[in-house]
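Below: the structure, in C-alpha cells.
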Amino acid sequence: MKNSVIVPVGAKGGFVPRRLPTTGNRDEVQAEAIACYRIFISGLLDITDNLKEGVLVPPVNVVRHDDDDPYLVVAADKGTATFSDIANGIAIDYGFWLGDAFASGGSAGYDHKKMGITAKGAWVGVQRHFRERDINVQQDSISVIGIGDMAGDVFGNGLLMSDKLQLVAAFNHLHIFIDPNPDPASSFVERQRLFNLPRSSWTDYDTSIMSAGGGIFPRSLKSIAITEQMKARFDIKADKLTPTELLHALLKAPVDLLWNGGIGTYVKSSEESHADVGDKANDALRVDGNELRCKVVGEGGNLGMTQLGRVEFGLNGGATNTDFIDNAGGVDCSDHEVNIKILLNEVVQAGDMTEKQRNQLLESMTDEVGHLVLGNNYKQTQALSLAARRAYERIAEYKRLMNDLEARGKLDRAIEFLPAEEQIAERVAAKQGLSRAELSVLISYSKIDLKEALLESRVPDDDYLARDMETAFPPSLGARFSTAMRSHRLKREIVSTQIANDLVNHMGITFVQRLKESTGMSAAAVAGAYVIVRDIFHLPHWFRQIEALDYKVSAEIQLALMDELMRLGRRATRWFLRSRRNELDAGRDVAHFGPHLAALGLKLDELLEDGPTREIWQTRYQAYVEAGVPELLARMVAGTTHLYTLLPIIEASDVTGQNAADVAKAYFAVGSALDITWYLQQISSLPVENNWQALAREAFRDDVDWQQRAITVSVLQMADGPSEIDARLALWLEQHSLMVERWRAMLVELRAASGTDYAMYAVANRELLDLAMSGQSLTV
0 MKNSVIVPVG AKGGFVPRRL PTTGNRDEVQ AEAIACYRIF ISGLLDITDN
50 LKEGVLVPPV NVVRHDDDDP YLVVAADKGT ATFSDIANGI AIDYGFWLGD
100 AFASGGSAGY DHKKMGITAK GAWVGVQRHF RERDINVQQD SISVIGIGDM
150 AGDVFGNGLL MSDKLQLVAA FNHLHIFIDP NPDPASSFVE RQRLFNLPRS
200 SWTDYDTSIM SAGGGIFPRS LKSIAITEQM KARFDIKADK LTPTELLHAL
250 LKAPVDLLWN GGIGTYVKSS EESHADVGDK ANDALRVDGN ELRCKVVGEG
300 GNLGMTQLGR VEFGLNGGAT NTDFIDNAGG VDCSDHEVNI KILLNEVVQA
350 GDMTEKQRNQ LLESMTDEVG HLVLGNNYKQ TQALSLAARR AYERIAEYKR
400 LMNDLEARGK LDRAIEFLPA EEQIAERVAA KQGLSRAELS VLISYSKIDL
450 KEALLESRVP DDDYLARDME TAFPPSLGAR FSTAMRSHRL KREIVSTQIA
500 NDLVNHMGIT FVQRLKESTG MSAAAVAGAY VIVRDIFHLP HWFRQIEALD
550 YKVSAEIQLA LMDELMRLGR RATRWFLRSR RNELDAGRDV AHFGPHLAAL
600 GLKLDELLED GPTREIWQTR YQAYVEAGVP ELLARMVAGT THLYTLLPII
650 EASDVTGQNA ADVAKAYFAV GSALDITWYL QQISSLPVEN NWQALAREAF
700 RDDVDWQQRA ITVSVLQMAD GPSEIDARLA LWLEQHSLMV ERWRAMLVEL
750 RAASGTDYAM YAVANRELLD LAMSGQSLTV
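The numbers in numbering that gives the first Met the number 0 rise by one with no breaks, and the one at position 488 of the sequence shown is 487.
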C-alpha cells in the first residue's frame with residue numbers, strides 16, 4: 000500500500016538468519032547476522048539486471064522470465080536499520096548502477112530516527128484527527144496511552160511531538176509505565192532525557208516526578224495493586240490485577256490517544272478470533288475494536304491493529320487511518336533519497352560535482368526532504384478526510400470502483416477486507432459509508448492503478464506534463480539541476496507517481512473512474528485534462544490558502560471550501576474531456592485559457608448580472624467571510640460555479656472573435672433572462688440513488704452549459720443587431736418569442752411540480768435545446 004506514494008513496487012519482507020549462535024554474546028550474534036545479510040544481498044544482486052554506461056546487462060547464468068528491470072532498492076527496517084552501508088558496499092563491489100543509492104539511510108543518506116520522519120508523518124495524521132474534533136494537540140493537553148518505549152524511533156520521536164501530552168500509561172515487552180495525572184512539562188523533559196540516552200528502558204524514568212498512584216511495574220510480577228488514582232484514570236474497578244489483565248484494561252481505557260510505536264497486534268475485530276490474528280504472544284491482552292474507548296489511534300508502528308479491527312473502531316466513532324498511511328513517511332523518505340542520489344550520481348559521473356560535494360548537498364537538503372515527505376502525509380490524510388466527509392453519500396461510487404478494479408484483476412476485496420455487496424447494502428440501510436481504514440485501502444489502489452495507466456501512456460513524455468517531476472525534488476535541487484532531471488533514469492516513473500498522487504489527493508478516490516464512465520475517455524486522458532484544469536485555475540495555490548487556515552477556522556469549513564474546489568476541478572476536467580476529446584494539448588491549452596481566466600476571474604463579480612446569480616454568489620461569499628475565511632479566498636470559492644462557466648465563455652469568444660469580457664456579460668445576461676441559473680440549481684439538487692441518475696445529472700448540466708453558450712453565440716452573431724448587449728439580447732428574445740415562451744412555460748411547470756422526476760428535466764432540457772437551435776447558423 001505504501002507503494003502508492005513512491006516509485007518502486009514490491010512488498011515488505013523479512014530477513015531471518017536460521018542459525019544464530021545460541022551461546023554467543025551480542026557481538027558474536029551481530030557478526031553472524033551481518034555475514035548472513037551479506038549472503039542475502041549478494042544473492043539478490045546475483046539475479047538482478049544491471050546498467051553499464053546506460054546499457055542493460057542481464058545477470059550471467061540466469062534464465063530470465065521477466066522483462067528488463069535493473070531497478071532494485073532495499074529499505075532498512077527493524078534489525079537491519081544499521082546495515083545500509085553494508086548493503087551499499089556490496090552493491091558498489093558488484094558495480095551495481097545505483098551505487099550507494101541501493102540501500103537508503105546509510106552514512107551518506109538520511110537517518111530516519113535522527114529526522115524522526117516516520118513518527119512526524121504519523122503525527123500529521125494525529126493532528127488532523129484531533130483538529131477535526133476542535134483540539135489542537137500542540138496547545139491542548141491530551142491523555143495518551145502508548146505501546147513501546149522511549150528508546151524506539153517511532154514511539155520515542157512520537158511522544159516528543161508535543162510538550163502538552165499527558166502520557167498516562169505505556170508498556171513494552173518488559174515493563175508497564177503508569178502515571179495517572181502527569182505534569183505535561185516535566186514529563187516531556189524526562190521523556191526527552193530517556194530518548195537521548197544510548198539505550199534506555201522504562202526503569203530509567205525518574206519516578207520522583209510521577210504523579211501519585213503511579214509506578215513502573217515489571218510484566219513478570221504475579222499481580223499489581225491498583226491504586227485509587229489508577230482506578231479513576233482508567234475506569235478500573237478491581238483492587239488487584241495481573242500485568243496481562245492490567246494491559247487489557249489499559250487498552251480499553253477512556254483516553255484521548257492510543258499511540259502505537261511497538262511490535263505486536265493489540266486490536267482485532269469482535270468477529271475475528273485470536274487465531275485469525277496470528278500473534279499468539281498477545282492473545283491474552285488483545286481487545287476488540289468496539290471495546291476501544293480512546294478517541295484516536297495513531298499507528299506509528301506496523302500491524303498494531305487488524306484491518307477489521309480498524310474498521311470496527313471507525314464504524315463505532317473512533318478515528319484512525321491505517322498503519323501504511325500513518326507510517327508511510329519512512330519509505331517515502333527513502334524514495335526521495337534514492338531519486339536524489341540517482342540524479343546527483345549522474346552529475347558526479349559527468350565531472351560536474353565531487354562525491355564530497357554531493358554528500359554535503361544531500362545533508363544540506365535534510366529539512367527540505369523532510370518537508371516534502373510530511374507534505375505527502377498531510378495531503379494524503381486530508382484526502383481521506385474529504386472522502387470520509389461524503390463516504391455515505393458516495394458509497395455507490397466506491398462500490399463501482401471496487402467492482403471495476405476486481406473485474407480488471409487489480410483488487411481482491413476479501414484479501415483487503417473490503418465490504419462485499421451484501422455488507423454494502425447493510426451499510427446503506429444503517430446510513431453508514433466506508434470507514435477511513437477502508438478508504439485508506441482504496442486511495443492506495445486508486446493511486447497505484449492510475450500510476451500504472453500513466454506509465455503505459457504518453458503522459459510522462461509530454462514536455463508540459465513532465466514538469467510535475469520537479470515537485471518530487473527539493474526546490475533548491477530543481478533550481479540547479481532542472482536539465483539533468485529531464486534525463487533522470489526514473490523520469491517516467493516519477494512523473495507518473497507525482498501526477499497520480501496529486502490528482503487523487505486533490506480530486507478524490509473515484510475521480511478518474513467517474514470521469515472515465517461519464518466521458519468514455521482513458522485514465523491517462525483524464526489525468527492530462529486534470530493537469531490543465533489544475534494549472535489554469537491555480538488550484539494548488541487555493542488549496543494552500545485553505546490549508547493555511549488550520550486552527551484559524553473550523554476543519555469543517557476547510558473541508559467545505561476544498562469540496563467546492565473539487566467540484567470546480569471535476570466539472571472543468573469533464574468540460575475539457577467533452578469539448579476537446581482527442582485534441583487535448585496541455586501546454587497549448589494552459590497557455591490559451593490561463594491568461595483569459597486570470598483576467599476574467601479578477602472582475603467576475605462585475606460581470607455577474609444583478610438578480611439570482613449575483614445574490615447566490617453574494618450570500619456564499621458573506622457566509623465564508625463571517626466564518627473567518629479571508630476575503631480573497633472567500634470571493635474565489637464563492638464563485639467556483641461561475642469560474643467554471645468562464646470555459647464556455649472563452650470558447651464562445653474564440654468562435655465569435657469578440658472580447659471575452661463582453662461575451663461573459665452576454666452569457667450571464669442570457670442566464671438571467673432565461674432563468675437558467677435557477678434551472679441549474681434544480682438539476683444540481685436532484686437526488687442520486689444510482690449510477691444512471693448520476694450520469695444523467697451530469698449530462699443535464701453539460702447540455703445546459705452547451706445550450707447557454709450556443710444562445711450566447713447566437714445573440715452575439717446577430718446580423719444588424721444593436722451594439723449594446725442588453726438591447727441585443729432583448730431583440731433576440733423578441734425574434735424567438737415563441738420558443739422563449741415555451742421555455743418559460745416549462746419553468747412554470749417545473750416550479751409548480753412536486754417531487755423530483757428525472758424525466759421532467761429530460762423534457763425541459765430538450766425544450767432549451769430547441770430554443771438554442773432556433774438561433775441562426777449555430778455552428779459552434
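C-beta: ideal position from N, C-alpha, C; glycine also.
Can you tell me whether residue 644 is buried or exposed, with buried defined as 16 or more other CB within 10 angstroms of its CB? Residue burial is scored here from C-beta neighbours: residue 644 has at least 16 other C-beta atoms within 10 angstroms and is therefore classed as buried.
Between the Cα of residue 733 and the Cα atoms of 722, 28, 714, 316, which residue gives the shortest distance? When only C-alpha atoms are compared, the closest one is 714.
Alpha carbon to alpha carbon, what distance is there between residue 89 and residue 199? Each residue's alpha carbon lies about 33 Å from the other.
Looking at the secondary structure, which residues open and close the alpha helix (DSSP H) in which residue 544 lies? From DSSP, the alpha helix (DSSP H) with residue 544 extends over 538-546.
Beta bridge counterpart(s) of residue 176 as assigned by DSSP: As computed with DSSP, residue 176 is found in a beta bridge with 169, 215.
If you reduce the DSSP assignment to three classes, tell me which class residue 141 lands in. When DSSP states are grouped into helix, strand and coil, residue 141 belongs to the strand group.
Just list the residues that DSSP pairs residue 409 with in beta bridges. Beta-bridge annotation (DSSP): residue 409 is not paired with any residue.
Going by Cα to Cα distance, which pick from 220, 219, 221, 253 is closest to residue 235? Comparing Cα-Cα distances from residue 235 to each of 220, 219, 221, 253, the minimum goes to 253.
So if DSSP puts residue 258 in a beta bridge, which residue, or which two residues, is it bridged to? According to DSSP, which records beta bridges pairwise, residue 258 is partnered with 145, 297.
Strictly by DSSP, which residues pair up with residue 738? According to DSSP, which records beta bridges pairwise, residue 738 is partnered with nothing at all.
Cβ-based burial, residue 752 [other Cβ within 10 Å; buried from 16]: Result: exposed.
Backbone CA spacing between residue 777 and residue 545 [nearest angstrom]: Summary for residue 777: the model assigns pLDDT 41, below 50, so the residue's position carries little reliability, and this model does not support an answer.
Which residue or residues does DSSP assign as beta-bridge partners of residue 56? DSSP lists 49 as partners of residue 56.
Buried or exposed for residue 299, please, with buried defined as at least 16 other CB atoms from any protein chain shown within 10 angstroms of its CB. Result: buried.
Given a threshold of 16 other Cβ atoms within 10 Å of its Cβ, counted over all protein chains shown, does residue 466 qualify as buried or as exposed? Classification of residue 466: buried, given that the 10 Å Cβ count is 16 or more.
Specify the secondary structure class of residue 287 as computed by DSSP and reduced to three states. If DSSP states are grouped into helix, strand and coil, residue 287 belongs with the strands.
Per DSSP, what kind of secondary structure is residue 239 in: helix, strand or coil? In the structure shown, residue 239 sits in a strand (DSSP, three-state: E or B).
With DSSP as the reference, please indicate the residues paired to residue 223 in a beta bridge. Among the bridge pairs identified by DSSP, residue 223 is matched with 240.
Coarse secondary structure for residue 160, derived from DSSP in three states: Residue 160 falls in the coil class under three-state DSSP.
Environment of residue 13 [buried if 16+ CB atoms lie within 10 Å]: With fewer than 16 Cβ atoms within 10 Å of its Cβ, residue 13 is classed as exposed.
So if DSSP puts residue 267 in a beta bridge, which residue, or which two residues, is it bridged to? The partner list for residue 267 (beta bridge, DSSP) reads 287.
Sorted by chain position, which residues of the same chain lie with C-beta nearer than 6 Å to residue 780's C-beta, five sequence neighbours on each side aside? A question about residue 780 goes unanswered here, because the residues of the chain that appear run from 0 up to 779.
The alpha helix (DSSP H) spanning residue 374 covers which residue range? From DSSP, the alpha helix (DSSP H) with residue 374 extends over 365-388.
Just checking my contact of residue 341 with residue 361 at CB under 8 Å: how many whole Å lie between their CB atoms? In this structure, residue 341 and residue 361 do not form a Cβ contact; the two beta carbons are roughly 12 Å apart against a cut-off of 8 Å.
Neighbourhood of residue 182 by C-beta distance below 8 Å, restricted to the same chain and skipping five residues each side: Here the set comprises 208, 210.
Within the continuous alpha helix (DSSP H) that includes residue 431, where are the two ends? Taken as a continuous stretch (DSSP letters only), residue 431 belongs to no alpha helix (DSSP H), as it is neither H nor E.
CB residue 476 to CB residue 364, shorter than 8 Å? Cβ distance < 8 Å, so residue 476 and residue 364 count as in contact.
Can you name, in chain order, every residue of its own chain whose Cβ lies under 7 Å from the Cβ of residue 431, other than the five neighbours on each side? In its chain, beyond the 5 residues on either side, 314, 391 have a beta carbon closer than 7 Å to the beta carbon of residue 431.
Kindly indicate which residue of 288, 330, 323, 321 has the alpha-carbon position closest to the one of residue 312. Comparing C-alpha distances from residue 312 to each of 288, 330, 323, 321 shows the shortest one belongs to 288.
Taking all protein chains shown into account, do 16 or more other C-beta atoms lie within 10 angstroms of the C-beta of residue 102, making it buried, or fewer, making it exposed? Buried.
What does residue 304 pair with, by DSSP beta-bridge criteria? Residue pairing for residue 304: DSSP places it in a beta bridge opposite 266.
Looking only at DSSP bridge pairs, what is residue 318 linked to? Partner(s): 295.
Presumed contact (8 Å Cβ cut-off) between residue 523 and residue 502, rounded CB distance: 11 Å between Cβ atoms; not a contact.
Taking all protein chains shown into account, do 16 or more other C-beta atoms lie within 10 angstroms of the C-beta of residue 119, making it buried, or fewer, making it exposed? With 16 or more other Cβ atoms within 10 Å, it is buried.
From the DSSP output, read off the bridge partner residues of residue 73. For residue 73, which the question treats as bridged, DSSP gives the partners 102.
Where the alpha helix (DSSP H) containing residue 661 begins and where it ends: Going by DSSP, residue 661 is part of the alpha helix (DSSP H) stretching over 659-672.
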